[in-house]
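Residue numbers (my numbering): 7 to 109.
Next comes the structure, spelled out in structure tokens:
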């Protein structure tokens, strides 16, 4: 397996094998859910054209990850299409708040 490492201040930190395996699986899972990511981008039309796209990407990514994780933890399953639609509606409803907070 290819090992990931991080260089900070000329120091090398080698990632734990288990952590790397989880990250690799998360990347693969993300690629499997491109359609959901496209739906998020399409539904948040005002955020996707802002100069702060990177900050918004981090915020939405954290919220999406939390939503998905909580479904798995609480419901013991992936979210349904209906639950995902409701998640998108919550984001869309609060879109103007994101714009105000991150000018």
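Don't be surprised by glycine CBs; every beta carbon is placed ideally from N, CA and C.
Here residue 105 is actually not in contact with residue 46; their C-beta atoms are around 16 Å apart, not less than 8 Å. Around the beta-carbon of residue 50, 16 or more other beta-carbon atoms lie within 10 Å, marking it buried. Secondary structure of residue 36 (DSSP, three-state): helix. DSSP, reduced to helix, strand and coil, places residue 84 outside both helices and strands of the structure shown, so it counts as coil. Straight-line spacing of the CA atoms in residue 99 and residue 27 works out to 36 Å. Residue 80 and residue 73 have their alpha carbons spaced roughly 10 Å apart. Nearest Cα to residue 84 within the set 42, 58 and 102: 42.
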